[in-house]
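Line order of the protein sequences matches chains W and B. The opening position of the first sequence corresponds to residue 35 in the working numbering, with each subsequent residue numbered one higher. The opening position of the second sequence corresponds to residue 1343 in the working numbering, with each subsequent residue numbered one higher. Don't be surprised by glycine CBs; every beta carbon is placed ideally from N, CA and C. All of these numbers come straight from a predicted model, not from anything done at the bench.
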Amino acid sequence: MATHDSPSMVSAMRSRYEQRGERLTALRHVRNALVSLAGLIGRPVLDQANGEIGTVVDVVARWDGDRAYPPVTGVVVRVGRRRAWLPIEAVEEFRHGLIRLRTARVDLREFVRRHGEVELARDVVDHQLVDIDGVRVVRASDLYLARVADVVRLVGVDVGFGSILRRLGPARLRSRPTPEKVIDWASITSFGSQHGPSGTLQAAESGLRRLRPGELADLLEDLGRAERRELLAALPPDQAADALEEMQQGELVRLLRESDTVDAARLLSRMEPDEAADGLRELGTDEQETLLAAMPVEARQRLATLLGYGERTAGGVMTTLLVVATAAEPVALVRERLRANRAHDEDLAGVVVVDDDGRLLDDLTMTELFLADVDITVHELIGPPWPVTVTPQAKPAQIAHRLVESRHGSVVVVDDEQRPLGRILADDVLDALMPERGRLPFPRRRRS
Amino acid sequence: MLLLAFMGPGIVAANAGNDAGGIATYASAGAEYGYRTLFAMVLVTVALVVVQEMCARLGAYTGEGLGALIREQFSIRVTAFALLALVVANVGLVVSEFAGIAAALELLHVSRFVSIPIAAVAIWVLVVFGTYKYAERLFLLLSLVFFAYPISALLSHPDLAQAGAQLVYPHFLLTKDFLLLVVALIGTTITPYMQFYVAAAVADRGIGPADYPREKLDTIAGSIFCNVISIFIIIATAAAIKVRGPLESAKQAAQALTPVAGRFATQLFAIGLLGASALAAAIVPLSTAYAISEASGVERSVSKSFRQAPLFLGLFTGQVFIGAAIALIPGNLIALLVQAQILNGLITPILLSYVLVLANRRGLLGDAANGRVFRVVATISVVAVAVLSLTVLVQFVIGLW
């Protein structure tokens, strides 16, 4: 659903770049001092007298919350057959393919990972990362470290194919950085260790919050299962639900299946009911019931009703989001109510007017409401054109026929007693009438 | 078609084994050795069940394809080696699929120098311009013709006593040709491509640990079902061709369907072979391109243009046209089909080792990692396949002198 090339998208990205403050990899002195992580692994650790005490196994950084560039806390060194811990304070020189110690002798302790620490070569390189600026999922082919104001930090990630080739070559060539496709770490969301004890999402959280639902949906679809779960858990529930609404049907079902029942139920109950029902319809009856049982009563009833209608009927395609007014209310109050539903403006085509028993009296268009005087009551607006209604069982072709006949932009779905249940917009009917346009059948179905 | 909708990834993946190369290899086995390869097929079935189950489990518990898993779990060089092996094996398969298309159309009197170029361009256009989905259904429908084999096998009054005895009586012929054929049988049944397919398909359907028991059944049943069909192909061909010797042409292989189709056996065989080959000629290069893109980190690539996804579409295009070009080299198409399966058989143990290591890893699968007994069985399967492949390879190298 997210179109990557639309003008609004481009401007959104531009503003995102502008909002970002100083980017370390853009600074020349940092760029010149980049140290390739892949180039350090397997290289010697020297003492002050150039004697080799071991080889680099991994570099450890600390993911700490809001700071954009994780500081390096130390190096895991192989000394003989032991994996020893070398705190960064003991390192004098930290450059291409070489680590030199500050002191002649060090106290080598066994390496034990502390909370919040991540082994970069093991847990980050070759794993998935989210590039928030480019709105895409990438796989790190190398990481770049640099000394910034006397602290060695993780400053960038390389996603180029060239870096993969460089790592395939002889060890001597590996230390040379090829920063052709470096993404600044400030725009990266990383998942740390998936299987280790400290599975913490290191996210530029404000960055995540700026993503639009369609963009988030794209990212969620591309991530592996563990990463997807972490990303979902890091999002505010409403933002997560909005993203789920934008997901492709098959991907949504996959996500619901693999999530815990409680999480899936919570997300579903926060989604637009018709989108949630569409997702639920794809699941088996058992799965549906388990999920419904885990939801709050109100959401459960709403969804159960929707699920009762066939998928290709008016009940199945309608949105249950209705702005309802009674005849006695003043127009100003109704406008106020519309404004409160601003978030759903795409689904609002009018205001239904009901009598005391909840039966449909009229369907006011936005134009009618807009042109009316503020101080009159809804009652005075009731009149032709009369609302176009269908039953929940109506087929898309019938709805299309009613729309063509009446030249309305939407129809109201009513039950046997004329109580409004939902609304169907002309474009929903189009969707229902158009055959599914699939593309490649293997191995992942993508929208075209 | 309704039936296909209900099939799980396990069944679909295993059935993909009955492609052009599969038909040719099983038919060759029947023609040359009668029922004598049946015991080998029983062993191959056990190995297939073990392997497919591990792949499905990896897909279900990690939600990732094998390409991504190998990249995350092994060093970059070891990863590159695995992917290179996959590409070589799959290019071999693509060659055999085009050879299958050519063999099928030669039965209908179309020269391969006409059929292969047209097929290659048609498949490329269908996939790249996105109307492949409908073509796929047609091909699948055509390939269902091969379900005629079991009926044919029973109608042809095979020597059931002998077939039964050969199924359970453990034996091998220690001749070079027999070993080669067994490696081809392994290569066509336990194809590297299928391991990647089943893991990706399971992961993509969102089948998680909770649904895994059902998926496991599906995978095991699918593997066994598929090999039962293969065994029937061997039996039907063995019963139809009385003179033992290497299979010389597709026309000869088609005789096995005579009990069902009478004098239309050739046409029926051609239709089935065309469907199965065309289906796989698109899916195999797609799955290779997918695995490599996944491992190199350009996951969103399937429905993009050339400029947006050069690696993915370049890999796809390269395989289709290189495969088609090799299939154009004059020679015996059936022999080419079997040779491609031997190549796969040689590469299979390499990728099986990766699968085995991944499925043994508790750090990756937790409690779902291979248990002690399973580990022994799986290791024996992989080692047996590897020993056979190595034997054939050594024989080949010695033969060069």
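Can a CB atom of chain W be found closer than 8 Å to the CB of T1608 of chain B? For the purposes of this step, residue 1608 of chain B is taken as the residue at position 266 of the second sequence. So, not an interface residue.
Using a Cβ-Cβ cut-off of 8 Å (strictly less than) and excluding sequence neighbours within five positions of Q1609 of chain B, which residues of its own chain qualify? Position 267 of the second sequence, counting from 1, holds the residue named residue 1609 of chain B. If we look at Q1609 of chain B and ignore the five residues flanking it on each side, its Cβ neighbours are L1449, L1450 and A1603.
Residues of its chain near P1500 of chain B, where Cβ-Cβ distance is below 6 Å and the 5 sequence neighbours each way are ignored: As a position in the second sequence, residue 1500 of chain B is number 158, starting the count at 1. Same-chain partners within the cutoff: I1577 and A1581.
Is the region 1479 to 1487 of chain B touching the region 1612 to 1626 of chain B, taking contact as three or more C-beta pairs under 8 Å? yes
When you compare the CB of S175 of chain W with every CB in chain B, is at least one pair closer than 8 Å? To locate residue 175 of chain W, count along the first sequence from 1; it is residue 141. Yes, S175 of chain W counts as interfacial toward chain B.
Proximity of L245 of chain W and L254 of chain W at Cβ, strictly below 8 Å: Position 211 of the first sequence holds residue 245 of chain W. Position 220 of the first sequence holds residue 254 of chain W. Their beta carbons are not under 8 Å apart, which means L245 of chain W does not touch L254 of chain W by this criterion.
Beta carbon of E363 of chain W, beta carbon of V412 of chain W: below 8 Å? Numbered from its first residue, the first sequence carries residue 363 of chain W at position 329. Numbered from its first residue, the first sequence carries residue 412 of chain W at position 378. A contact, by the Cβ cut-off of 8 Å.
Classify R173 of chain W as buried or exposed, calling it buried when 16 or more other Cβ atoms lie within 10 Å of its own Cβ. The residue you call residue 173 of chain W lines up with position 139 of the first sequence. Answer is buried; the Cβ neighbour count reaches 16.
Three CB pairs or more closer than 8 Å across the region 1379 to 1388 of chain B and the region 1449 to 1464 of chain B: no
Cβ-based burial, R1714 of chain B [other Cβ within 10 Å; buried from 16]: Locating residue 1714 of chain B in the second sequence gives position 372, counting from the first residue. With fewer than 16 other Cβ atoms within 10 Å, it is exposed.
Hey, would you say G392 of chain W sits closer than 8 Å to A1410 of chain B, going by beta carbons? Here residue 392 of chain W refers to the residue found at position 358 when the first sequence is read from its first residue. Here residue 1410 of chain B refers to the residue found at position 68 when the second sequence is read from its first residue. For G392 of chain W and A1410 of chain B, no; Cβs fall outside 8 Å.
In chain B, which residues lie with their C-beta within 7 Å of the C-beta of I198 of chain W? Locating residue 198 of chain W in the first sequence gives position 164, counting from the first residue. Within 7 Å Cβ-Cβ: I1418 and S1638.
8 Å is my cut-off, CB to CB: does D160 of chain W come that close to chain B? Locating residue 160 of chain W in the first sequence gives position 126, where the first residue counts as 1. Answer yes: the Cβ-Cβ gap between D160 of chain W and chain B drops below 8 Å somewhere.
Does V193 of chain W get closer than 8 Å to chain C when you measure Cβ to Cβ? Judged by its chain identifiers, the structure shown contains no chain C, and its protein chains are W and B.
Using a Cβ cut-off of 8 Å, pull out every chain B residue sitting near V172 of chain W, in sequence order please. By 1-based counting over the first sequence, the position of residue 172 of chain W is 138. G1639, listed in chain order.
L177 of chain W in three-state terms, based on DSSP: Reading the first sequence from its first residue, position 143 is the one you call residue 177 of chain W. Strand at L177 of chain W.
Proximity below 8 Å, CB of A1666 of chain B to CB of F1440 of chain B: The count along the second sequence starts at 1 and reaches residue 1666 of chain B at position 324. The count along the second sequence starts at 1 and reaches residue 1440 of chain B at position 98. Cβ distance < 8 Å, so A1666 of chain B and F1440 of chain B count as in contact.
To the nearest angstrom, how far is it from the Cα of L1732 of chain B to the Cα of L1688 of chain B? Numbered from 1 along the second sequence, position 390 holds the residue referred to as residue 1732 of chain B. Numbered from 1 along the second sequence, position 346 holds the residue referred to as residue 1688 of chain B. Distance between the alpha carbons of L1732 of chain B and L1688 of chain B: 7 Å.
Going by other Cβ atoms of all chains shown within 10 Å of its Cβ, with 16 needed for buried, is G55 of chain W buried or exposed? The residue you call residue 55 of chain W lines up with position 21 of the first sequence. For G55 of chain W, the predicted model reports a pLDDT of 48, less than 50, meaning its position is unreliable and no value from the coordinates is stated.
Residue environment, M161 of chain W, which counts as buried when at least 16 other CB atoms sit within 10 Å: For this step, residue 161 of chain W is matched to residue 127 along the first sequence. The displayed chain sequence assigns His, not Met, to residue 161 of chain W. Buried is the call here.
Can you find the residues in the same chain that come closer than 8 Å, C-beta to C-beta, to A118 of chain W, ignoring five residues on each side of it along the sequence? In the first sequence, residue 118 of chain W corresponds to position 84, counting from 1. The answer, listed in chain order, is G88, V110, V111, R112, L142, R143, E144 and F145.
Indicate whether at least one CB of chain B lies closer than 8 Å to the CB of L289 of chain W. Sequence index remark: in the first sequence, residue 289 of chain W carries index 255 (1-based). Judged by the 8 Å Cβ criterion, L289 of chain W is in contact with chain B.
Anything in chain W within Cβ reach of T1404 of chain B, meaning under 8 Å, just list it in chain order. Walking along the second sequence from the start, residue 1404 of chain B turns up at place 62. Within chain W, the residues near T1404 of chain B are G258, R259 and A260.
Contact set between E439 of chain W and chain B, taken where Cβ atoms lie within less than 9 Å: For this step, residue 439 of chain W is matched to residue 405 along the first sequence. Under the 9 Å cutoff, chain B gives no residues; its nearest Cβ is about 34 Å from E439 of chain W.
Are the C-beta of S232 of chain W and some C-beta of chain B separated by less than 8 Å? The residue given as residue 232 of chain W occupies position 198 in the first sequence. Confidence in S232 of chain W is poor, its pLDDT being 39 and thus under 50, which makes the residue's placement too unreliable to answer from.
Contact check, A1633 of chain B vs F1538 of chain B, beta carbons under 8 Å: Against the second sequence, residue 1633 of chain B aligns to sequence position 291. Against the second sequence, residue 1538 of chain B aligns to sequence position 196. Against a cut-off of 8 Å, the Cβ pair of F1538 of chain B and A1633 of chain B comes out as a contact.
Using a beta-carbon distance cut-off of less than 8 Å, what residues from the region 1535 to 1547 of chain B approach chain W? Y1539, A1542, A1543, A1545, D1546 and R1547
Using a cut-off of 8 Å between C-beta atoms, extract the partners of E279 of chain W located in chain B. On the first sequence, position 245 is the one that residue 279 of chain W refers to. Within chain B, no residue comes near E279 of chain W; the closest Cβ sits about 18 Å away, beyond 8 Å.
What residue does the beta strand (DSSP E) around A270 of chain W start on, and which one ends it? Residue 270 of chain W sits at position 236 when you count from the first residue of the first sequence. Before going further, note that residue 270 of chain W is Pro rather than Ala in the sequence given. That residue, P270 of chain W, is in no beta strand (DSSP E); it is neither H nor E in DSSP.
Do three or more CB pairs link the region 149 to 164 of chain W to the region 122 to 140 of chain W at distances below 8 Å? no
What did DSSP end up calling I75 of chain W once you bin it into helix, strand or coil? Walking along the first sequence from the start, residue 75 of chain W turns up at place 41. Correct three-state label for I75 of chain W: coil.
Answer with buried or exposed for R346 of chain W, where buried requires no fewer than 16 other C-beta atoms within 10 angstroms of its C-beta. Here residue 346 of chain W corresponds to residue number 312 of the first sequence, with the count starting at 1. Exposed: under 16 other Cβ atoms inside 10 Å.
Do we get a CB-CB distance below 8 Å when we pair A1623 of chain B with the residues of chain W? Here residue 1623 of chain B refers to the residue found at position 281 when the second sequence is read from its first residue. No, A1623 of chain B does not count as interfacial toward chain W.
Nearest by alpha-carbon distance to V447 of chain W: which of W:V438, W:A298 and W:T354 is it? Taking the first sequence and counting its residues from 1, the one referred to as residue 447 of chain W is at position 413. Minimum Cα distance to V447 of chain W is reached at W:T354.
When we look at the beta-carbon of V1429 of chain B and count the other beta-carbons within 10 Å, is it buried (16 or more) or exposed? As a working note, residue 1429 of chain B is residue 87 in the second sequence. It is buried - the Cβ of V1429 of chain B has at least 16 other Cβ atoms within 10 Å.
Contact check, A1751 of chain B vs L1679 of chain B under 8 Å by CB: the rounded distance? Absent from the model: residue 1751 of chain B. The displayed extent of chain B is 1343 to 1743, so no value can be given.
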